[in-house]
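For this note's numbering, count along the sequence shown from 1 and bump the result up by 3. As structure tokens, the structure follows; a few thoughts come after it.
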Amino acid sequence: MKIALLSRNKNLYSSRRLIEAADERGHEVVVIDVLRTYMNIASHKPSIHYKGKELDDFDAVIPRIGASVTFYGAAVLRQFEMMGVFPLNESVAITRSRDKLRSLQLLSRKGIGLPVTVYASKPDDIKDMIKMVGGAPLVIKILEGTQGIGVVLAETQKAAESVIEGFMGVKANILVQEYIKEANGADIRCFVIGGKVVAAMKRQASSGEFRSNIHRGGSAEFIRITPEERSTAVRAAKIMGLNVAGVDLLRSNHGPVVMEVNSSPGLEGIEKVTGKDIAGMIIEYIEKNNKFGKTRTRGKG
Ligand code: ADP
Ligand code: MG
């Protein structure tokens, strides 16, 4: 196969591993920096150019689009889809997963367990909003945040009120969420490929921190997940329309609750913790599924 890897840096662990795994299986990988591509969209034959040449004859495309380039990255991926190239994850599913509010609405519609969450653009009554999530302590999140940045724990009613007012004052889009204290600063990353959880790890926040993100000093270890956690992760990925996803769960008193569903989950932590060849599994998934034109969002979205 000839595979396009949409990545801005081929030296990142995940990119390197995917290139390696494809190479081992005799495939060719072309790494493409989406910001340097240009596309002919007003044409009966959609095309993408890169460094003066047309990109063609691809069998599959692996999007690893960073949060900062979601908009243009999704457009380039959509163009590949219009050309009939099989996407590991579809553009529509990626843009869905990048918006925390939209994701939670889709998941809640299908009955997935979630922390009690409230959204408001300009509430007239912040106190009532706080009451809706059960009062302080509570968590406040910027909708477009990643890597734990923009996630705040307000421990008291007063703190909650002033943080919410502060964020709203700078016109940030925020969610207010029930704090799952019993998770004890841990979350579970379930790595889903093609409707199966192929690996899982527990991430534990460093002491004095409630965010388990590795970028915030969290540490990762192997964990065995329950059948309920497994089925929640599989269903969440399916609802988002993602073939490959990192589904993050918290263990709450009322069962597993989904934190978020990541459409470009990193490979480094999960491969190191579990010793599994996740990159190889991703390439095998593509080998089995990469039919030409097999994208539900072809020409749409
Ligand atoms: P990001 O996209 O920045 O990773 P998350 O919503 O995943 O934002 O939150 C980051 C981390 O903060 C989570 O992995 C979890 O450890 C912690 N956290 C977030 N929301 C809650 C919550 N409602 N209750 C308990 N911990 C939370
Ligand atoms: Mg997260």
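Heads up, the beta-carbon is just placed ideally off N, CA and C, and yes, glycines get one too.
DSSP-derived helix/strand/coil call for residue i
{"i": "K205", "result": "strand"}
{"i": "D102", "result": "coil"}
{"i": "E181", "result": "strand"}
{"i": "M243", "result": "helix"}
{"i": "V72", "result": "helix"}
{"i": "S17", "result": "helix"}
{"i": "G278", "result": "coil"}
{"i": "L9", "result": "strand"}
{"i": "N292", "result": "helix"}
{"i": "D60", "result": "coil"}
{"i": "S111", "result": "helix"}
{"i": "V195", "result": "strand"}
{"i": "F89", "result": "strand"}
{"i": "L252", "result": "strand"}
{"i": "H52", "result": "strand"}
{"i": "M135", "result": "helix"}
{"i": "D26", "result": "helix"}
Sub-7 Å separation of residue i and residue j beta-carbons
{"i": "F225", "j": "V276", "result": "yes"}
{"i": "L270", "j": "I286", "result": "no"}
{"i": "L252", "j": "I191", "result": "yes"}
{"i": "M262", "j": "S100", "result": "no"}
{"i": "V247", "j": "N92", "result": "yes"}
{"i": "P140", "j": "Y182", "result": "yes"}
{"i": "A25", "j": "I51", "result": "no"}
{"i": "S305", "j": "G188", "result": "Examination of residue 305 is not possible in this model, given that the chain is present from 4 through 304 alone."}
{"i": "Y53", "j": "T40", "result": "yes"}
{"i": "G116", "j": "G278", "result": "no"}
{"i": "V119", "j": "V142", "result": "no"}
{"i": "R254", "j": "A186", "result": "yes"}
{"i": "I228", "j": "I167", "result": "no"}
{"i": "N293", "j": "F83", "result": "no"}
{"i": "R67", "j": "S267", "result": "yes"}
Cβ-heavy atom distance, residue i to the ligand MG, below 6 Å
{"i": "E263", "result": "yes"}
Closer than 6 Å: residue i CB and nearest the ligand ADP heavy atom
{"i": "P118", "result": "yes"}
{"i": "A186", "result": "yes"}
{"i": "Y182", "result": "yes"}
{"i": "S215", "result": "yes"}
{"i": "G137", "result": "no"}
{"i": "D102", "result": "no"}
{"i": "T149", "result": "yes"}
{"i": "D190", "result": "yes"}
{"i": "V179", "result": "no"}
{"i": "V154", "result": "yes"}
{"i": "G121", "result": "Gly is not the amino acid found at residue 121; the sequence shown has Val there. It does not: the Cβ of V121 is nowhere closer than 6 Å to a heavy atom of the ligand ADP."}
{"i": "V142", "result": "yes"}
Cβ pair count under 8 Å reaching 3, the segment 218-233 against the segment 167-185: No, they do not touch.
For the pair the segment 150-161 and the segment 92-108, tell me if three or more CB-CB distances fall below 8 Å. Taking 8 Å as the limit for Cβ pairs, the verdict is that the segment 92-108 does not touch the segment 150-161.
Is the segment 52-64 touching the segment 14-22, taking contact as three or more C-beta pairs under 8 Å? Not touching, per the Cβ criterion.
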